[in-house]
Amino acid sequence: PLLDKQSFLQNHPCYNKAASANWGRLHLPVAPNCNIQCNYCNRKYDCANENRPGVTQHVYTPQEAAAFVRKVFDARQDISVVGIAG
């Protein structure tokens, strides 16, 4: 069922810090280049512990992304958001 905007924002882990305690998110880097260019982001380096948009160690093919999502969903039931990233 679709949520109204208020419910969506209250339950989305990216928009509500309290929701992030109950709901997980998964970012899928599928684009070879990021075109968002956030002011805080420096995409010139990568780190294994880096956790922000625009930085990744591997860009997934569509097939790899689908397999990864299946694997994560099989292991975790708390994922409520899948973000497509570059």
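Each number in our numbering comes from the position in the sequence shown (counting from 1) with 143 added on. Backbone N, C-alpha and C define an ideal beta-carbon position, used for all residues, glycine too. Small disclaimer: the values here were computed from a predicted structure and weren't measured.
Residue pairing by DSSP places Arg168 opposite Val224 in a beta bridge. Residues of the same chain with a CB within less than 6 Å of the CB of Asn159, apart from the 5 flanking positions on each side, are Gln153 in chain order. In this structure, Val215 and Arg168 do not form a Cβ contact; the two beta carbons are roughly 11 Å apart against a cut-off of 8 Å. Here Arg219 carries a coil assignment [DSSP, helix/strand/coil].
If you draw a 10 Å sphere on the C-beta of Thr199, you find 16 or more other C-beta atoms in it, and that means buried. Judged by DSSP secondary structure, Gln153 falls within the alpha helix (DSSP H) whose first and last residues are Lys148 to Asn154.
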